[in-house]
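Presented below is the structure to which this report refers.
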Amino acid sequence: YDKQKKYGEAEPLYKECLEIMRADLGNRHPDTLTSMSKLALLYKNQGRYGDAEPLLKDCLEIRKAVLGERHPDTLTTMNDLAFLCVNQGRYDEAE
2 YDKQKKYGEA
12 EPLYKECLEI
22 MRADLGNRHP
32 DTLTSMSKLA
42 LLYKNQGRYG
52 DAEPLLKDCL
62 EIRKAVLGER
72 HPDTLTTMND
82 LAFLCVNQGR
92 YDEAE
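The numbering of the sequence shown is my numbering, which starts it at 2 and goes up by one.
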């Protein structure tokens, strides 16, 4: 649904997936963090930056703690957060 830009149909599925992952695997599990990131990117694609940013920030901090600062997933999340800032014209924060 996301790639088809059917965001209204995709969002409840992403949210349900994240809730299940959190309940079954915990907040720090890599699969939970992937679900969190996907929901954040769905929000970003809709221009819902205020909803996306806290999810990406949480995801980044947990990935740094769990995977390390140089892990590819951590760097991807850092990049996603930087693009979110760029999309809002917050270039200083994106650097």
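The beta-carbon is built from N, C-alpha and C at its ideal position, and this holds for glycine as well.
For residue i, the three-state DSSP class (helix, strand or coil)
{"i": "residue 91", "result": "coil"}
{"i": "residue 9", "result": "helix"}
{"i": "residue 23", "result": "helix"}
{"i": "residue 2", "result": "Note that residue 2 scores a pLDDT of 49, beneath 50, so its modelled location is shaky and nothing firm can be said."}
{"i": "residue 80", "result": "helix"}
{"i": "residue 18", "result": "helix"}
Contact set for residue i: own chain, Cβ-Cβ below 6 Å, skip 5 residues either direction
{"i": "residue 95", "result": "83, 86, 87"}
Close Cβ partners of residue i (< 7 Å) along its chain, the five nearest in sequence each way excluded
{"i": "residue 12", "result": "43"}
Own chain, CB closer than 8 Å to residue i, minus 5 neighbours either side, in chain order
{"i": "residue 30", "result": "22"}
Uninterrupted beta strand (DSSP E) stretches inside the region 39 to 76 (no shorter than 3 residues): Counting whole runs of 3 or more residues, the region 39 to 76 contains no beta strand (DSSP E) stretch at all.
Is the number of C-beta pairs between the region 35 to 47 and the region 77 to 92 that are closer than 8 Å three or more? Short answer: they touch.
Taking one C-beta from the region 58 to 66 and one from the region 8 to 22 each time, how about it: are there three or more such pairs within less than 8 Å? Under the 8 Å Cβ criterion, the region 58 to 66 does not count as touching the region 8 to 22, having fewer than three qualifying pairs.
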